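Presented below is the structure to which this report refers.
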Amino acid sequence: MSSATTVRSLPLLAVISLLLLLSPVLAFDADHRLIDVHGSSLNFANDSLYIALRKYRQDEPVNLWVNKVGPYNNPQETYNYYSLPFCRPSANDATHKWGGLGEVLGGNELIDSQIDIKFGKNVDKGLICQLELDEAKVKKFKDAIENSYWLEFFVDDLPLWGFVGELRPDKNSDNGKHVLFTHKSITIKYNKDQIIHVNLTQDNPKPLEAGKILDMTYSVKWSSTNVSFARRFDVYLDYPFFEHQIHWFSIFNSFMMVIFLTGLVSMILMRTLRNDYAKYAREDDDLVESLERDVSEETGWKLVHGDVFRTPRSLVLLSAVVGTGAQLAMLVLLVILMAIVGTLYVGRGAIVTTFIICYALTSFIAGYVSGGMYSRHGGKNWIKSMILTACLFPFMCFGIGFILNTIAIFYGSLAAIPFGTMVVVFVIWAFISFPLALLGTVVGRNWSGAPNNPCRVKTIPRPIPEKKWYLTPSVVSMMGGLLPFGSIFIEMYFVFTSFWNYKVYYVYGFMLLVFLILIIVTVCVTIVGTYFLLNAENYHWQWTSFFSAASTAVYVYLYSIYYYYVKTKMSGFFQTSFYFGYTLMFCLGLGILCGAVGYLGSNLFTLVMGLNNATDETGFWDGGCMLLSMDQGKPRNVFRFSSPARYVECNFVWPWSTCVVLSPEDHQFCGLFSQMKGLKNDRVFTVEEIRPMVFTSTDVAFVT
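Residues -27 to -1, 1 to 677 in mature numbering (1 follows the signal peptide of the UniProt record, and there is no 0) are what the sequence shown lists, from first letter to last.
Written out as structure tokens, the structure is:
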């Protein structure tokens, strides 16, 4: 890299570094603003992600927040706690606790229960309210019990869970007896002036009968503990599940796969380059024989070197998805690192908020990669390229989210996104993400948009011969995703179980290793696929390399179907829609990410191969070019030209040869050599100088 290029890159690196440094702060601020609504007053306070400063005094009130209820087997089908006919505070006394962006998107709506709890003060039995049952209330409670409804509370931002009721065997009824838990026993452990642990136990079940009045009661028991505040969330982590030996074995297995694939790619490169390196080491007296042999033995990928760097089809779309995939790769890496450092799993919605903020801030990367790629291939429709790059993935997610949100609104679920939250997300995209993507496109166009193809693209495309079915682009694309999927298969089980089965995912160190392994495996597999495709004389490798890597997402989606039917007990249109909708959104992002990684890896591979081939036939010589004049099949004179030149076309038809030399500075013809005579050393001849020269059949020129 030249010093000028390095200097030009410094502002870009500074911008990216600043964005990455600011993103944790912005994510923290966005997820730590609370609005306590009491009448018309608004009070901004600190959120629940980091509450180490929250300390209580003796007998200070402690709020118990009710959140949501829903079927246990359908995690996303949640409703407001008071959608069931529990006793609720009056509208004037109800205090809502609205969290950050991620918390709202996660379907949380915290309401103060008005249950009287004071720090350090035990309550043997307190009355919440008297619940009068009628036919409508009994029906709602029975439906909830039959669907195994669970409820969620929060005390000092620590969750408590319990079931609404249960079905008990009844010899007088085939369906059993519906009973409602009427007593809530709350255990709270504290260390000095901080709450460390909470637990909810429900008992005193009462049968549901219309016309009855049930006393809804509670009790509170306080006890001290030596557990520190920093470790208070450990009780929610399932160490035996996530740190099972199968998890370690999967990492080891994937690591061995990486070694195998990198070895395979290295072998391909060495095999490809070995003959060329050996050729350059030959003596001058063997040069004519080697040239004749190399020309006659050219096969495979060398035959398509003049077509490899053709502009791919649908360049605008390919540039957009590659740029978006590069952004997603950086985004995932950044969020994983932040989760490792900052324990984002502790806060409600912290991961979601971090993703949204970091996505907006990393949009510059999408524009930069897309703009540079589009410019290098000679693209002209810049407005379309910029807009597509900025809008592609967000609008795909918006389309899926709109359908799911419509379903949630129809069901009256908390999963429905409020209009205000939609406005906030749109503002983040419109005023942060979109401008940064446009800026990145402009910078990428100007700083990294210079063509870097080592080989000249031929005017007439080379015909692609028919090959066997397993060398077709469609088969190569589908087969390319198998090994990357195999490298993340076990981790997908843990991720799916965390998201769909109420487990807290915290092993982000494992996720980082698996992500890096996925990147390496994807690059290696697509390089191998591209090599086989070029060997089959098919130079349409760009989209094939993208889809070869992106097909990993297809296998993940197929696995999600298996997981849905075998590993879960989900049911109903609502949960099924959300399961496959969220999974589709995830797989689209994964496919774009892997596809971009695969394309960029294959692009680097073809550049290396092209440079190697170019130095042999159609490339650059840092020290100039060399012309070998032949007489009756034997070398006579060697002419070296100190000026760098690019060979546009060399057509070897023994014993004739024609070479056109193009000056890289002004892109003008500086030499045309064909069976020429009378050339002088250390000169670059113009066309006008060559025309009067006398040519005989005994002189043949070769460029080496």
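Here a beta-carbon is modelled for each residue, glycine too, at the ideal position from N, C-alpha and C.
All values reported here derive from a predicted model rather than from experimental measurement.
Which residues does DSSP list as the beta-bridge partners of residue i?
{"i": "Val96", "result": "Val193"}
{"i": "Leu133", "result": "Phe126"}
{"i": "Pro34", "result": "Lys91"}
{"i": "Asn508", "result": "DSSP output for Asn508 lists no bridge partner at all."}
{"i": "Asn53", "result": "Lys41"}
{"i": "Asp85", "result": "Trp38"}
{"i": "Ile159", "result": "Leu173, Val193"}
Could you tell me whether the Cβ atoms of residue i and residue j are closer together than 7 Å?
{"i": "Tyr347", "j": "Ser292", "result": "yes"}
{"i": "Val496", "j": "Gly574", "result": "yes"}
{"i": "Gly340", "j": "Ala410", "result": "yes"}
{"i": "Ile309", "j": "Tyr538", "result": "no"}
{"i": "Ile500", "j": "Val325", "result": "no"}
{"i": "Ile101", "j": "Leu37", "result": "no"}
{"i": "Leu456", "j": "Val494", "result": "yes"}
{"i": "Ile461", "j": "Leu485", "result": "no"}
{"i": "Tyr52", "j": "Gly43", "result": "yes"}
{"i": "Phe92", "j": "Tyr29", "result": "yes"}
{"i": "Glu510", "j": "Val277", "result": "yes"}
{"i": "Cys60", "j": "Leu104", "result": "yes"}
{"i": "Gly454", "j": "Ser524", "result": "yes"}
{"i": "Ser343", "j": "Gly296", "result": "yes"}
{"i": "Asn172", "j": "Thr160", "result": "yes"}
{"i": "Asn40", "j": "Asn95", "result": "no"}
{"i": "Lys440", "j": "Gly279", "result": "no"}
Terminal residues of the continuous beta strand (DSSP E) containing residue i?
{"i": "Asn474", "result": "Premise fails: Asn474 is in no beta strand (DSSP E) and is neither H nor E."}
With DSSP as the reference, label residue i as helix, strand or coil.
{"i": "Pro48", "result": "coil"}
{"i": "Leu387", "result": "coil"}
{"i": "Asn172", "result": "strand"}
{"i": "Asn177", "result": "strand"}
{"i": "Phe642", "result": "With a pLDDT of 35 at Phe642, under the threshold of 50, the predicted position of this residue should be treated as unreliable, though the coordinate-derived value follows. Strand, per DSSP."}
{"i": "Asn164", "result": "strand"}
{"i": "Leu573", "result": "helix"}
{"i": "Val77", "result": "helix"}
{"i": "Lys540", "result": "helix"}
{"i": "Asp116", "result": "helix"}
{"i": "Asp207", "result": "helix"}
{"i": "Leu106", "result": "coil"}
{"i": "Val449", "result": "helix"}
{"i": "Phe154", "result": "strand"}
{"i": "Trp402", "result": "helix"}
{"i": "Lys185", "result": "coil"}
{"i": "Gly149", "result": "strand"}
{"i": "Ile313", "result": "helix"}
{"i": "Thr362", "result": "helix"}
{"i": "Ile101", "result": "strand"}
{"i": "Ser227", "result": "helix"}
{"i": "Gly568", "result": "helix"}
{"i": "Pro434", "result": "coil"}
{"i": "Gly592", "result": "Interpretation of Gly592 is limited by its pLDDT of 34, a score under 50 that renders its predicted location unreliable; the figure taken from the coordinates is listed afterwards. Note: Gly592 maps to coil in three-state DSSP."}
{"i": "Gly482", "result": "helix"}
{"i": "Trp516", "result": "helix"}
{"i": "Glu439", "result": "coil"}
{"i": "Lys353", "result": "coil"}
{"i": "Asn199", "result": "coil"}
{"i": "Tyr532", "result": "helix"}
{"i": "Tyr552", "result": "helix"}
{"i": "Pro285", "result": "coil"}
In terms of residue numbering, what span does the alpha helix (DSSP H) encompassing residue i cover?
{"i": "Gly279", "result": "Where Gly279 is concerned, there is no enclosing alpha helix (DSSP H), given that its DSSP letter is neither H nor E."}
{"i": "Gly138", "result": "No alpha helix (DSSP H) holds Gly138; the beta strand (DSSP E) holding it covers 138 to 143."}
{"i": "Trp71", "result": "Run containing Trp71: none in the alpha helix (DSSP H); it sits in the beta strand (DSSP E), 69 to 71."}
{"i": "Gly344", "result": "336 to 349"}
{"i": "Arg418", "result": "407 to 420"}
{"i": "Pro62", "result": "Note, Pro62: premise wrong, no alpha helix (DSSP H); not H, not E."}
{"i": "Tyr212", "result": "212 to 215"}
For chain C, check one thing: does any of its Cβ atoms lie closer than 7 Å to the Cβ of residue i?
{"i": "Phe233", "result": "Note that chain C does not occur in the displayed structure, where there is just one protein chain."}
*asked:* Across the region 514 to 528 and the region 441 to 458, are there enough close Cβ pairs to call them in contact, namely three or more that are closer than 8 Å?
replied: yes
_Segment contact flag, the region 179 to 187 with the region 107 to 124, C-beta cutoff 8 Å, min 3 pairs_ = yes
*For the 8 Å Cβ check, are there 3 or more pairs between the region 136 to 156 and the region 62 to 79?*
no
*Would you check if there are 3 or more beta carbon pairs closer than 8 Å linking the region 210 to 227 to the region 112 to 125?*
no
_Can you confirm whether the region 196 to 204 touches the region 124 to 134 when touching is taken to mean that 3 or more C-beta pairs between the two stretches lie within less than 8 Å?_
no
_Segment contact flag, the region 563 to 571 with the region 387 to 402, C-beta cutoff 8 Å, min 3 pairs_ = no
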